[in-house]
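**Q** So the protein lines, in turn, are chains A and B.
According to the working numbering, the residues represented by the first sequence are 1 to 248, in order.
According to the working numbering, the residues represented by the second sequence are 249 to 351, in order.
Just so you know, even glycine gets a beta-carbon here, dropped at the ideal spot from N, CA and C.
Keep in mind the model is a prediction, meaning the values are calculated, not measured.
Following this message is one structure expressed as structure tokens.
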Amino acid sequence: MNKTNKEPSRKLLAVFAHPDDETFICGGTLAKYASEGVDITLVSATRGEMGRRMGNPVYINRETMPAIREQELRRACDSLGIQQLIFFDIRDKTVEFVDEIQLTNRIADLINEVNPDVILTFHELLGGHPDHCAIGKATTAAAEITGRRESLYFISYGDTMEHPEGFGYTRQDVVKVDVFAHLEAKLAAFRDHRCQTEIDEWVWQNDQEALARFGRYEYFLKGSEAARVQEQEQEQDDLFVATCVAQH
Amino acid sequence: MNLIIRNQVEAELQAFVGEEVYIHSEATSFVFVRNFKVKVTEAFIAGEDSFRVALRFDELGWLRMEALTHYEKDGHARLLLAGYDDKGRMNVALHLGKEPFPE
């Protein structure tokens with residue numbers, strides 16, 4: 001950890017849609033960078049208040065859900081080491097219907113305020129859920145208008161980007177982060193999102209069995225065309241490489 | 249949330265008859281409607297383990313939902329009905345309140 005003190009404070013801004021996106025998709029990476037002293041700001045556009053999983057056995061109703069999921073996310077942020085949490089107060093399942101320009105400007109303002117080296121969001125087409133695609137599209141536009149396209153990376157599910165060719169990308173477009181040393185933090189955050197994970201028995205098995213379910217790597221797609229065409233000998237394994245090289 | 253006891257829920261529903269009521273209604277995977285305001289003119293419940301609830305409103309309206317299993321009268325005098333599966337996943341919800349639900 002001595003390294004941390006010598007480096008300028010690095011910052012990461014993650015702009016996601018629901019409580020648990022940060023944990024389920026890239027919790028290992030967030031825990032890794034937090035442990036290295038990176039200052040992390042997380043946006044959750046919604047409180048996930050329209051979720052379907054209401055505890056198992058059930059203890060939540062639609063009206064109690066927003067406060068419960070907010071509290072779960074706050075705990076998960078503690079487990080992962082995320083310092084700042086911001087809610088956009090958009091109703092779950094309606095992100096694609098809010099004013100796109102206002103949403104983009106709001107994210108652009110935040111980018112200017114936080115001044116992040118790395119911005120994480122969803123790919124606007126590969127995000128899956130409509131809320132994911134909508135927040136990804138707005139964040140991508142915000143990165144563009146703030147001139148931060150080089151800092152932008154798209155999160156991806158599991159190890160799907162081990163084979164990016166199927167999505168029209170190459171290995172050079174992918175950053176593969178080794179999160180092995182941070183899987184305990186990821187598991188703790190999974191358990192913090194109790195109402196969403198209670199249904200998944202493996203999460204609640206003993207730690208060793210549960211940890212074995214996680215992949216060793218998390219994958220990110222470069223958000224910048226320029227970053228992608230750069231000739232690279234080695235596969236990139238660090239989100240901060242591009243921006244840190246640019247700064248030095 | 250408690251398992252629905254038909255006569256208790258029936259009595260709770262009757263308390264909204266003749267009133268201006270805000271409704272949240274959803275079939276979780278497909279549709280939700282929040283804060284539509286109607287004047288409830290009749291309210292019904294039917295079923296054994298899984299219940300149907302129907303409301304007549306504004307002289308000409310129907311709202312009917314099925315697969316309801318649980319209910320709660322919450323601290324804001326709202327009647328919350330919901331249908332869950334055996335793993336706690338919500339299938340449907342029907343909430344009635346005399347004040348708007350949070351947006």
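1) Using the three-state DSSP reduction, which class does residue 254 (chain B) fall into: helix, strand or coil?
2) Which same chain residues, not among the five before or five after residue 55 (chain A), have their C-beta less than 8 Å away from its C-beta?
3) On the premise that residue 289 (chain B) lies in contact with residue 264 (chain B), defined as a C-beta separation below 8 Å, what is that separation, rounded to the nearest angstrom?
4) State buried or exposed for residue 160 (chain A), treating a residue as buried only when at least 16 other CB atoms are found within 10 Å of its CB.
5) Output the distance between the C-alpha atoms of residue 125 (chain A) and residue 324 (chain B), rounded to the nearest integer angstrom.
6) Measuring only the C-alpha atoms, how far is residue 261 (chain B) from residue 337 (chain B)?
7) Thinking just about the alpha-carbon of each residue, which of A:32, A:143, A:82, A:48 is nearest to the one in residue 276 (chain B)?
8) Let me see if you follow: with CB-CB separation under 9 Å, is residue 2 (chain A) close to chain B or not?
9) Buried or exposed for residue 335 (chain B), going by 16 or more other Cβ atoms inside 10 Å?
10) Output yes if chain B places a C-beta closer than 9 Å to the C-beta of residue 179 (chain A); else output no.
11) Can at least three beta-carbon pairs, one atom from the stretch 30 to 48 of chain A and one from the stretch 177 to 195 of chain A, be found at a separation below 8 Å?
12) For residue 318 (chain B), which residues from the same chain have a beta carbon less than 8 Å from its beta carbon, with the 5 sequence-adjacent residues on both sides left out?
13) Consider the Cβ of residue 284 (chain B): report whether some Cβ of chain A lies at a distance smaller than 9 Å.
14) Go ahead and pull the three-state DSSP assignment for residue 346 (chain B).
15) Can you tell me whether residue 166 (chain A) is buried or exposed? The criterion is at least 16 other CB atoms within 10 Å of its CB, across all chains shown.
16) Please check if any C-beta of chain E sits within less than 9 Å of the C-beta of residue 330 (chain B).
17) Less than 8 Å between the CB atoms is what I'm expecting for residue 312 (chain B) and residue 326 (chain B), so what's the real figure, rounded?
18) Should residue 79 (chain A) be labelled buried (16 or more other beta-carbon atoms within 10 Å of its own) or exposed?
19) Among all the DSSP beta bridges, which residues are the ones paired with residue 310 (chain B)?
20) Just the chain B side, please: which residues come within less than 8 Å of residue 52 (chain A) by C-beta, in chain order?
21) Per DSSP, residue 282 (chain B) is paired with what?
22) With distance defined between alpha-carbon atoms, name the residue in B:273, B:274, B:310 nearest to residue 291 (chain B).
23) Please identify, using Cβ separations under 9 Å, the residues of the stretch 55 to 72 of chain A that lie next to chain B, in order along the chain.
24) Note the first and the last residue of the continuous alpha helix (DSSP H) segment covering residue 44 (chain A).
25) Would you be able to state if there are at least three C-beta pairs under 8 Å between the stretch 202 to 218 of chain A and the stretch 82 to 101 of chain A?
26) Any contact of the stretch 138 to 155 of chain A with the stretch 182 to 193 of chain A, i.e. 3+ C-beta pairs under 8 Å?
27) Rounded to the nearest angstrom, how far is the Cβ of residue 95 (chain A) from that of residue 240 (chain A), given a contact under 8 Å?
28) Please list, in chain order, the residues of the stretch 74 to 98 of chain A that have any C-beta partner in chain B closer than 7 Å.
29) Listed from N- to C-terminal order along the chain, which residues in the stretch 138 to 156 of chain A have their beta-carbon within a distance smaller than 7 Å of any beta-carbon of chain B?
30) Thinking C-alpha only, which one of A:112, A:135, A:162 is nearest residue 145 (chain A)?
**A** If we stick to the structure as given:
1) helix
2) If we look at residue 55 (chain A) and ignore the five residues flanking it on each side, its Cβ neighbours are 194, 195, 198.
3) So it is not a contact: roughly 10 Å between Cβ atoms.
4) Burial call: exposed.
5) 41 Å
6) 24 Å
7) A:48
8) Low local confidence applies: a pLDDT of 47 at residue 2 (chain A) is under 50, so the model's placement there is unreliable, and no value is given.
9) exposed
10) no
11) yes
12) In the same chain as residue 318 (chain B), and ignoring 5 residues on each side of it, the C-beta atoms closer than 8 Å to its own belong to 249, 250, 251, 252, 329, 330, 331, 332, in chain order.
13) no
14) Coil at residue 346 (chain B), not helix or strand.
15) exposed
16) No chain E is part of this structure, whose protein chains are labelled A and B.
17) No, residue 312 (chain B) and residue 326 (chain B) are not in contact; Cβ-Cβ is about 20 Å, not under 8 Å.
18) buried
19) B:304
20) 276, 277, 337, 338
21) Per DSSP, B:272.
22) Of B:273, B:274, B:310, the residue nearest in Cα terms is B:310.
23) 55, 56, 57, 58, 59, 60, 61, 62, 63, 64, 66
24) Note, residue 44 (chain A): premise wrong, no alpha helix (DSSP H); beta strand (DSSP E) at 39 to 44.
25) Judged by Cβ distances under 8 Å, the stretch 82 to 101 of chain A makes no contact with the stretch 202 to 218 of chain A, as fewer than three pairs qualify.
26) no
27) Residue 95 (chain A) to residue 240 (chain A), Cβ: 28 Å. No contact.
28) Contact annotation: in the stretch 74 to 98 of chain A, residues whose CB is within less than 7 Å of a CB in chain B are 91.
29) none
30) Minimum Cα distance to residue 145 (chain A) is reached at A:112.
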